[in-house]
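K.L.:
Got a structure for you, written out below as structure tokens; questions coming shortly.
In full-length UniProt numbering, the protein residues as written are 1 to 104.
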């Protein structure tokens, strides 16, 4: 049985994290690396750090992204960019946060 038969409906990818921005990750086809990214994305992402290799499957959800959207993006454009989550409003509104709105 070939590897392509075993992976039918699944996607073998590599995940990289950005050194420039916390919680930013790129999913790319396994073995492709980051060399074929669009120039603007490569500049924004910076040099990536390989985190892991993973077999994506519609039956196995991801914690912070829709696995079907990730798989489609990797297959269609060669990558999926996972952006950092929005700031926690409880932390943002906490006393001492530098961006906390000032009371009138």
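Where a beta carbon is used, it is the ideal one built from N, C-alpha and C, also for glycine.
(1) Select from 11, 71 and 24 the residue whose C-alpha is nearest the C-alpha of residue 86.
(2) Exposed or buried, which one is residue 71 when buried takes at least 16 other CB atoms within 10 Å?
(3) Whose CA, out of 55, 56 and 37, lies closest to the CA of residue 48?
(4) So, for residue 67: in the same chain, excluding its five sequence neighbours on each side, which residues have a beta-carbon less than 8 Å away from its beta-carbon?
(5) Please state whether DSSP places residue 79 in a helix, a strand or coil.
(6) The alpha helix (DSSP H) spanning residue 41 covers which residue range?
(7) Within its chain, find whatever has a CB closer than 7 Å to the CB of residue 84; leave out the 5 residues flanking it on each side and keep chain order.
(8) Quick one: grab the DSSP three-state call for residue 69.
P.N.:
The structure says:
(1) 24
(2) buried
(3) 37
(4) 56, 57, 58, 60 and 61
(5) coil
(6) 39-45
(7) 21, 22, 23 and 24
(8) helix
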